[in-house]
DNA sequence: CTGTTAGCGCCTTCAG
DNA sequence: CTGAAGGCGCTAACAG
């Protein structure tokens, strides 16, 4: 059995008393500001503080400085493949600037507004990065008005709440262009929800590539499903039942592509022999599927990193663009084995 | 462009002044304690507070109450399949008890001790749940001595630092028993790192099941790889090169099994026709692989939940067992299609 | 180079 | 039922 240790915390005053100096001197020395302190007292203070195991109380410090040096990152779905890179980017940038980054789970609807309240308004963090999908324009407006300490990730918002997005359109275009390049003409898109901005931008990339190549886009070929495996499975099953099924498919997410792959297997369709597939977003697992999936790798680490840098600028009082885009590095195609020329496509004949 | 909003925060004093009462009265009313306040003043205070958009400052409150009502959860690898369930469980339990739960990324070595320092010792959280693998006995000892506000998840530690584990041994046994039940005798284990406690307990489950069935365990059949896809791939490749390759494989993790599946595909080995496989840990993706993977589902949500409840008890001053085990629900087999009777095994002949 | 003096925003006795 | 007073632990002028 363990009973809680209720050791009395040692405070600045304890150190000051033990070192026989004024608390303010201890404060100065321990924080390294105001170097005009004699080496003698400095050493003594440092030594005594170490002996006593003194650790400054963040709450007291925050109360006077009115900054916590911690940032929050709100994530909608920790089970997704993509967020770990965003988080690593954010953690890296935060640490470089002396901040701590904490992740807040917002898997339930309504949590976003709640988290904003408890984290930002109550002063637990200095600012918040919001990757959550549950940001309504109303909420964005409210956040802007009440704090001006939030940045929305990869979602365009009507309000002038600052946001940073990736070039989802260019990314998706890249994948579709590859399908076109090897000779596909009947290309479908397993899209995300119709009303979500991020999903719409990816769809626009699909349309853009098709149009640029002078290819028609039958509305049948656009399936508004979702980001999950099951969505991809259902959507793909639907596509395979079409009069004239596609020979190439671009999926809105890695999970969706995995579901689609399973639907193909169930239907006896071989990838890439009978059908080619490309997925939006890359992750190690893509290389271990059957077949290894060709994907579009997006700069997710950089998204987290740049979003954090932007937020920190904002907190420092610098003004930042209302909407930024991650351009470096640009989306890139990770070629594996899920794309081949169509069996009887133009180039193959 | 956005410039930071520097609205002066409205404080308790502002509300008190506007409502023409003493700050202490406002404090009492807004927190619902001390009901002996006239309905008249109560209403007035609540109304004024709302009008002014008053939100209590968490730091000031923490300073006097010396509790933050927030808990931290340290995670080693956010990209893993398993942690999202643990997090959801912890968030749920925390919310029920009125706490906020924040997740801290500890993907780098050394981060654990750093996070403990900045989160617990500096008083940013009241307690910490540690799922990180980088907890040495020394660190555990230090944490125990300095705070007594941490709980280790699924890792046995030499010190008397409280911890909570799952029955990894029973879980793995369950998977291996299924392999045995359908007739396999040559069963291998794609294990994790040899020196990690969690991995060792799973391995013990494998050995236990084998021994109980009176089957030999050739050391060749135990591959100490790791938890990732690439580890499973390498390990499986190695197993397939053996003189007498196994007909059944139990993998230490879902990712490892996915890698192993890929290795089989590369080698032209069909699952489950030529080889059966079972993975430790379940996730939706397992149902969309080729073939859909039979897995052992562990009570991860409950691990997060119970760990949090334990931590809260500890913080309240109640004493808790040094080591607990999640027993409800017990591990369960999720039967899909990766296990079949061996081609020429005892039962098949 | 170091001590003195005021708070930061809130809670909590203790009086009245 | 409500006000007055003091303090949580630390920082930030301002004196000396």
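Residue numbers (this note's numbering), protein chains in the order written: chain A, 1 to 349; chain B, 1001 to 1349.
For every residue, glycine included, the Cβ atom is placed at its ideal position computed from N, Cα and C.
- Residue 1248 of chain B sits in a strand when the DSSP states are folded into three classes.
- Taking the C-beta atoms as reference points, residue 54 of chain A is found no nearer than 8 Å to residue 29 of chain A.
- For residue 166 of chain A, the beta-bridge partners assigned by DSSP are A:326.
- With the rule of 3 Cβ pairs closer than 8 Å, the region 1121 to 1129 of chain B does not count as touching the region 1258 to 1268 of chain B.
- According to the DSSP assignment, residue 1255 of chain B belongs to the alpha helix (DSSP H) that extends over 1254 to 1267.
- For residue 147 of chain A, the CB contacts under 6 Å within the same chain, skipping 5 residues up- and downstream, are 120 in chain order.
- Using a 10 angstroms sphere on the CB of residue 1283 of chain B, the tally of other CB atoms reaches 16 or more, which defines it as buried.
- Within chain B, 1078 and 1105 have C-beta atoms less than 8 Å from the C-beta of residue 87 of chain A, given in sequence order.
- Comparing alpha carbon positions, the residue from B:1316, B:1153, B:1116 and B:1243 closest to residue 1218 of chain B is B:1243.
- DSSP, read as helix, strand or coil, puts residue 224 of chain A in strand.
- At a cut-off of 8 Å between beta carbons, residue 1124 of chain B contacts chain A.
- Within 10 angstroms of the beta-carbon of residue 1036 of chain B lie fewer than 16 other beta-carbons, which makes it exposed.
- Within the same chain, and ignoring the five residues on either side of residue 1279 of chain B in sequence, the residues whose Cβ sits closer than 6 Å to its Cβ are 1251, 1254, 1257, 1293 and 1295.
- Sequence-distant Cβ neighbours of residue 170 of chain A in its own chain, meaning closer than 8 Å and more than five residues away, are 205, 330 and 331.
- Contact between residue 1103 of chain B and residue 103 of chain A holds: their C-beta atoms lie close to 4 Å from each other, under 8 Å.
- Taking a cut-off of 8 Å for Cβ pairs, the region 308 to 327 of chain A and the region 79 to 99 of chain A touch, as three or more such pairs fall below it.
- Remark: C-beta atoms of residue 1090 of chain B and residue 1132 of chain B do not approach each other more closely than 8 Å.
- DSSP lists A:73 and A:151 as the beta-bridge partner residues of residue 129 of chain A.
- Taken atom to atom, the span from the alpha-carbon of residue 49 of chain A to that of residue 1108 of chain B is near 28 Å.
- Proximity of residue 1063 of chain B to chain A, defined by a Cβ-Cβ separation below 8 Å, is satisfied.
- Residue pairing by DSSP places residue 288 of chain A opposite no residue, since no beta bridge is assigned to it.
- The residues 180, 185 and 187, in chain order, have a CB closer than 8 Å to that of residue 215 of chain A in the same chain once the five nearest residues on each side in sequence are set aside.
- Across the structure, residue 1297 of chain B and residue 1165 of chain B are spaced so that their CA atoms are roughly 15 Å apart.
- Residues 225 of the same chain have their beta carbon placed closer than 7 Å to that of residue 234 of chain A, with the five preceding and five following residues left out of the count.
- When the five nearest sequence neighbours on each side are left out, the beta carbons in the same chain lying within less than 7 Å of the beta carbon of residue 1023 of chain B are those of 1012, 1013 and 1016, in order along the chain.
- Annotated three-state conformation of residue 1046 of chain B is helix, per DSSP.
- Taking C-beta atoms under 8 Å as the contact rule, residue 1149 of chain B and residue 1304 of chain B fail to qualify, at a distance of about 17 Å.
- Between residue 1114 of chain B and the set B:1092, B:1299 and B:1074, the nearest pair of CA atoms involves B:1074.
- For residue 1322 of chain B, a Cβ of chain A is located within less than 8 Å of the residue's own Cβ.
- Short of 7 Å from the beta carbon of residue 210 of chain A, and not among the five residues preceding or following it, lie these beta carbons of its own chain, in chain order: 176, 187 and 217.
- Checking the DSSP bridge columns, you'll see residue 1333 of chain B partnered with B:1296.
- Pairing residue 1002 of chain B with residue 163 of chain A, the inter-Cα distance amounts to about 10 Å.
- Not one beta carbon of chain B lies nearer than 8 Å to the beta carbon of residue 190 of chain A.
- CA-to-CA, the gap between residue 1341 of chain B and residue 1232 of chain B works out to about 22 Å.
- DSSP places residue 1275 of chain B outside any alpha helix (DSSP H), giving it a letter other than H or E.
- Membership of residue 1087 of chain B in the alpha helix (DSSP H) is indicated by the continuous run 1083 to 1096.
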